[in-house]
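With the first letter of the sequence shown counted as 1, position 233 gets the number 1025 in this note's numbering; the numbers rise by one all the way through.
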Amino acid sequence: MTTNDELFARGQAVIPGGVNSPVRAFGSVGGTPYFVARGEGAHVVDVEGRRYVDYVQSYGASILGHAHPAVVAAVQAAAAEGSTFGAPTEREVLLAEELVARVPGMEMVRLVSSGTEATMSAIRLARGATGRRTIVKFAGNYHGHADALLVAGGSSVAEQATSDSAGVTSGAVADTVVAPYNEVPPLDEDVAVVIVEPVAANMGLVPPADGFLQGLRDACDAVGALLMFDEVITGFRLGVGGATERFGVAPDLWAFGKVIGGGLPVGAFGGRRDVMERLAPLGPVYQAGTLSGNPLATAAGLTVLRELDADAYERLDGIAGRLADGLTSAIGGAGLDVQVPRVGPLVGLFFGADPVTDFVTAKVSAETGTYRRFFRAMLDRGVALAPGPYEALFPSLAHTDEDVDRTVTAAAEAATEIARA
Ligand code: PMP
């Protein structure tokens, strides 16, 4: 039988760090990552046959849980008809129609292959459409790894010494301004676009303060800047119309990913018609992709969206509520200071007593080191949290009450073990 240790060693010989995305290497939690052999609903099973209740769920891409039968069938059927053509297909139109119908104010959308591509392309579009240079982002928000956005990033960028990346020239970020989350920054007439995670989910989970998103809308309008919601995590997870519907604030541009690809590589960016029509072939802003609108990915995405009606979101909200309440009392009951923020189906986990409202306070919690210990104690008990303190938890529609109750029991034991040490 192959083991995790063996695969990790072989992987490290031929893949930097043995992984194809840094957080997967367990750098901040220690130990050997589990190599997944298969996923089944709320669970993953590793190559050694160990089963975990999975709250990673591909960082939110698998909202129905792993290997949902309808998604498997749709992808199989699509694959049998050919996996990519370089010509338009019907399902691209259907998926774009579904997205536009659900998000209030979004009139057109273009499909790409990742969240990174979505934000990167939308930034270019915002600059091209406004003729302005500056972009404003918030510390601790993560928007993928395009050069201009890779500064003060959350997610696993936050665990690097400098919270940005070598190889990004000062020129590439010269026009990027970083502001603290949850404060409306001063803007001027050079600002092309303000990009924000409407619920910050890459520094743990940090909800927007009352009035923050509306404040951004007003500040952008005052100087003629565009506002972009990066809904790669929140889109089609917070509800049918994502953050726009939930908070009643409509941006000019949106970026999506994860849920809309049903576990296959998809991203999308959209906006008002007048802005989107600046894109090639209609306008002067170039953007393209060989695999954009891929037939397998659109089949998976359409299948997932069809499952996501109001009833499904209500169920997901219930699952997340049971999880958040259970974790709060299990960990708090063991005597550890903990905060379990929740926005609908999104759940966070911060150790420490001080409220977390931005990147500075999120770091204080992450640097206690308690997350690392808790992660390991949970993994030993068959529960897979994200292997880093800056990620959120992603309960899926496949998580049963029994899965959540097992998680809460494990959390009580894990917290007791940590409190005693
Ligand atoms: N934006 C947000 C809010 C994200 O959470 C992520 C990825 N976690 C991205 C953009 C980048 O998406 P991808 O990893 O698909 O490139």
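C-beta: ideal position from N, C-alpha, C; glycine also.
Within 8 Å, do at least three Cβ pairs link the stretch 922-929 to the stretch 963-981? Between the stretch 963-981 and the stretch 922-929, the count of C-beta pairs closer than 8 Å reaches three or more; the two stretches touch.
Do you know how far the Cα of residue 1094 is from the Cα of residue 974? 34 Å
Mapping the DSSP letters down to three states, classify residue 1045 as helix, strand or coil. strand
So, for residue 796: in the same chain, excluding its five sequence neighbours on each side, which residues have a beta-carbon less than 8 Å away from its beta-carbon? 824, 825, 826, 827, 838, 839, 840
Only counting the same chain, and skipping five residues up and downstream in sequence, which positions put a Cβ closer than 6 Å to that of residue 897? 1042
Secondary structure, beta strand (DSSP E): runs of 3+ residues fully inside the stretch 1004-1062: 1018-1022, 1045-1048
Buried or exposed, going by whether 16 or more other CB atoms sit within 10 Å of the CB of residue 902? buried
Taking DSSP as the reference, what is the three-state secondary structure of residue 1131? Under the three-state reduction of DSSP, residue 1131 is assigned to strand.
Rounded distance between the beta-carbons of residue 834 and residue 1202, thought under 8 Å: So it is not a contact: roughly 14 Å between Cβ atoms.
Indicate the three-state DSSP secondary structure (helix, strand or coil) for residue 1118 in the structure shown. helix
Where residue 1057 and residue 1005 are concerned, what is the direct C-alpha to C-alpha distance, given to the nearest angstrom? Going from the Cα of residue 1057 to the Cα of residue 1005 covers about 29 Å.
Please classify residue 930: does DSSP put it in a helix, a strand, or coil? strand
Using a threshold of 7 Å, is the CB atom of residue 939 nearer than that to any non-hydrogen atom of the ligand PMP? no
Through-space distance from residue 910 to residue 894, alpha-carbon basis: In a straight line, the C-alpha of residue 894 is about 18 Å away from that of residue 910.
By how many angstroms is the C-alpha of residue 1071 removed from the C-alpha of residue 813? 30 Å
Can you find a heavy atom of the ligand PMP that lies under 7 Å from the Cβ of residue 1025? yes
Cβ of residue 1197 versus every heavy atom of the ligand PMP: is any distance shorter than 7 Å? Of the heavy atoms belonging to the ligand PMP, none sits nearer than 7 Å to the Cβ of residue 1197.
With respect to 7 Å, is the separation between the Cβ of residue 956 and the closest non-hydrogen atom of the ligand PMP below this value? no
Burial state of residue 1172, where buried means 16 or more other Cβ atoms lie within 10 Å: When all chains shown are included, residue 1172 counts as exposed.
Here's a check: name, in chain order, each residue in its chain whose Cβ is nearer than 7 Å to the Cβ of residue 977, leaving out the five neighbours to either side. 928, 971
Residue 1069 to residue 904, Cα distance in whole Å? 16 Å
With 16 other Cβ atoms within 10 Å as the buried cut-off, status of residue 1103: Looking at its Cβ environment, which holds fewer than 16 other Cβ atoms inside 10 Å, residue 1103 is exposed.
Cβ atoms of residue 855 and residue 983: under 8 Å apart, would you say? no
Hey, residue 1062 and residue 900: beta-carbon distance below 8 Å or not? Yes.
Selection from 1153, 1053, 1128, 948 that minimises the alpha carbon distance to residue 1183: Of the candidates 1153, 1053, 1128, 948, the one whose C-alpha sits nearest the C-alpha of residue 1183 is 948.
Looking at residue 906 and the ligand PMP, is the gap between the Cβ and the nearest heavy atom below 7 Å? Answer for residue 906: yes, Cβ within range of the ligand PMP.
Count the other CB atoms, across all protein chains shown, that sit within 10 Å of the CB of residue 1087; report buried if there are 16 or more and exposed otherwise. Residue 1087 should be labelled buried.
Figure out for me which residue from 832, 800, 830 has the closest Cα to the Cα of residue 818. 800
The alpha helix (DSSP H) enclosing residue 1217, as first and last residue numbers: Because the chain here runs from 793 to 1213, residue 1217 falls outside it and cannot be looked at.
Could you check whether the Cβ of residue 1182 sits closer than 7 Å to any heavy atom belonging to the ligand PMP? no
Burial state of residue 1164, where buried means 16 or more other Cβ atoms lie within 10 Å: buried
Thinking C-beta only, is residue 1116 closer than 8 Å to residue 847? At a Cβ-Cβ threshold of 8 Å, residue 847 and residue 1116 do not count as neighbours.
Given 8 Å as the limit, is there contact between the stretch 1118-1125 and the stretch 1204-1212, that is, 3 or more CB pairs closer than that? yes
Are the beta-carbon atoms belonging to residue 1053 and residue 1089 less than 8 Å from one another? yes
Quick check: the Cα distance between residue 1024 and residue 912, rounded to an integer number of angstroms? Their backbone Cα atoms lie some 12 Å apart in a straight line.
Please report the straight-line C-alpha distance between residue 1159 and residue 1149, rounded to a whole angstrom. 16 Å
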